[in-house]
Every structure is written in structure tokens, then in C-alpha cells.
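**Student:**
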Amino acid sequence: MATPIQPLSTTNHDRDSVGLRYVYPVVSRRAGGVSIGINLNPNNACNWACIYCQVPGLTRGGPPPIDLMRLAFELNTMLDDIQHGEFMQLHVPADVRTLVDVAFSGNGEPTSAAEFAEAVDIVIDIMRSRGLSDLPLRLITNGSLIHQASVKKGLLALSQVRGEVWFKLDSASFERALLINGVNQQPSLAITRLLDCAAIVPTWIQTCMLEVDGQVPSAAEIDAYVSLLESVRDEIRGVLLYGLARPSMQQGASRIGRVSEQWLDQLGQRISALGLPVKLSN
Ligand code: SF4
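Take any residue in the sequence shown, count from 1 to its spot, add 1: that is its number in the working numbering.
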């Protein structure tokens, strides 16, 4: 890689850490290696405004046009350094020197890029040409644009390889979606989009649970959330259940806090009892 500007550690997930616009490496002990992130939102704009979002200077909106040639160049450069250069030796602890996945996961909603489907095709081609077709290719999304034809085209391409979607679903009520995600979305619409997505490509629900103003989600909210999961359990692969991992960079940051490990464990057990795999991290 041409311009590493600071060493990476398992706690350094800064998307600017290697000076590229669209491509960034994340070293994660939890994931067991290096993940290559594709950030299609270099302007830090998202169509949602999650209270826990870790993107600094987040604004509402979508990305500017994606320079697909630059994306391809950056990904090739990054992978060259990982596969044939000194990236692993210089930046990655010896016990996690392996590439674990490539993920569309950036500083905003990846599917809001008009070039999303083309970007997926480019990434698939590059992975194939480098003998990386066995690696998972993930899309981490809030799911709000799944109904768009161009997004479905990208999902279809993902379904032809080892594609997987992590679909954000933090609540099962209109009120909590507004509070947590800053979005007017009825749960029924979220379910429709989730099922649309899961019909095309293997899909996990990704949920962040947190306290707001010192309160955990109400019992009614959690009952509704578990019922929602029950209604879709045959269509999804499982649930990635998170607490607050890192500090929010948003205005509401002072209002939110971590739920206890015990609280999250109990929720994980309720989800497991539905027969759904749960991957939990707090
Ligand atoms: S959907 Fe993701 S990027 Fe957008 S505001 Fe929420 S956490 Fe941030």
C-alpha cells in the first residue's frame, strides 16, 4: 500500500487511517483478522441519524458521485499490500494476520450511492481476480432503500457470491425508531424491507441496544422486538446483538449509555429460545 499514515491496532478503526477515500482496513480481534471496509459515503452523510452513530460530523443526505475507477484502484492497492506486501507484518498483530471479509460499511448508508450496484460488481470482480471469492462479502445497511431496483441489483450480485447482509433493526416501534435512528419508519415497513432483502441474499438482523436517559428499553418494546423476530425467524440467519461498543459522535451522545451485560445476555437468551442463532457483543 502506498501511503500508510499511522499504525493500525485492534482499537484503531478510523476510516482515514491509511489515507484512502473509499477503502479502509479494520483490524479486529473479535472478527479474528483484517476486514476491508468499503466506504461509499466519504462525505459523512447518511439518510438516518442514529443517536449512537460513531461517524464524526454526520450530516443528513447521501454521497457525492462515486469515482469507481478510484475505488477499484484503492481496493487493488490495499489488497496488493495485504496479499503481497508488508501490511500484515507492519500493522497487524501476529495472531490475527488473516483477511476475514470485505464489507460495504462506511460513514453513511452504502445503498444510497447511485453507483452501489456497479460498486458491488467491481468489488466482486477484483475479489475473483485475486483468488478471494471464498471470502464473505458483506453489506451493512439500514435497509431503508432495499426496495429500489438498483439496490436489488446489487443484492442479486451479492447472492451470486458469498454475499451476506447485516440489516439494522434496533427497535420494533415507530417511537423508538424515531428516538434511536432519527427516522420515521413504521415497524411494518422495516419488516417488508427485511423480508425483501432476505429473499435475495442471506440476511442477519443487527441490533444495537442501549439506555436512553438512564432507561433500558421498556418491557413492551422488548416484547414487540422479540415478537417481530419470531415473525421473521424462518427467513433470517440470526441476530447480531450489540451493546454500545464505542462512543457516539452525535449531539445526543450524553443521553445514551450501555445496557448491562446481564440485561443483554437475558435478551440474547430470549432470542435463542426462538431458535435463532445469536452473536452477542457488549
Ligand atoms: S445508519 Fe449507520 S451511518 Fe447512518 S446514522 Fe445510523 S449508524 Fe450512522
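All C-beta atoms in this analysis are idealised placements derived from N, C-alpha and C, irrespective of residue type, glycine included. Fair warning: this is a prediction, and the values are worked out from it, not measured in the lab.
Counting Cβ pairs, one atom from each stretch, are 3 or more of them under 8 angstroms apart for the segment 139 to 157 and the segment 104 to 112?
**Tutor:** Touching, per the Cβ criterion.
**Student:** So, at 7 angstroms on beta carbons, what are the nonlocal neighbours of Ile67 in its own chain, with the 5 sequence-adjacent residues on each side left out?
**Tutor:** Here residue 67 is taken as the residue at index 66 of the sequence shown, counted from 1. Taken in chain order, the residues that qualify are Leu41, Ala114, Glu116 and Ala120.
**Student:** Quick check: what's the CA-CA separation for Glu231 versus Glu87?
**Tutor:** For this step, residue 231 is matched to residue 230 along the sequence shown. For this step, residue 87 is matched to residue 86 along the sequence shown. Those two C-alpha atoms are separated by around 47 angstroms.
**Student:** Name the DSSP beta bridge partners of Gln207, please?
**Tutor:** In the sequence shown, counting from the first residue as 1, residue 207 sits at position 206. Lys169 and Leu241.
**Student:** Looking only at C-alpha atoms, which of Leu281, Ala32, Arg194 and Asp171 sits nearest to Leu242?
**Tutor:** What you label residue 242 is simply residue 241 of the sequence shown in a count that begins at 1. Minimum Cα distance to Leu242 is reached at Leu281.
**Student:** Indicate whether the contact test is met: 3 or more Cβ pairs, each with one atom in the segment 27 to 47 and one in the segment 82 to 98, closer than 8 angstroms.
**Tutor:** Contact holds: three or more Cβ-Cβ distances are below 8 angstroms.
**Student:** If we ignore side chains and look at the alpha-carbon of each, how far apart do Asn45 and Leu80 end up?
**Tutor:** Here residue 45 refers to the residue found at position 44 when the sequence shown is read from its first residue. Here residue 80 refers to the residue found at position 79 when the sequence shown is read from its first residue. Each residue's alpha carbon lies about 24 angstroms from the other.
**Student:** Whole angstroms are fine: how far does the CA of Thr208 sit from the CA of Val240?
**Tutor:** The sequence position of residue 240 within the sequence shown is 239, counting from 1. The sequence position of residue 208 within the sequence shown is 207, counting from 1. Approximately 7 angstroms, taken between the alpha carbons.
**Student:** Could you round the C-beta distance between Pro188 and Ala173 to whole angstroms and report it? I think they count as a contact, below 8 angstroms.
**Tutor:** The residue labelled residue 188 in the question sits at position 187 within the sequence shown. The residue labelled residue 173 in the question sits at position 172 within the sequence shown. Between Ala173 and Pro188 the Cβ distance is about 5 angstroms, and since that is below 8 angstroms, they are a contact.
**Student:** Could you check if Gly109 belongs to the surroundings of the ligand SF4, using beta carbon to heavy atom distance under 6 angstroms?
**Tutor:** Position 108 of the sequence shown, counting from 1, holds the residue named residue 109. Flag set: Cβ of Gly109 near the ligand SF4.
**Student:** Any heavy atom of the ligand SF4 inside 6 angstroms of the beta-carbon of Trp49?
**Tutor:** Within the sequence shown, the letter at position 48 stands for residue 49. It does: the Cβ of Trp49 is within 6 angstroms (strictly closer) of some heavy atom of the ligand SF4.
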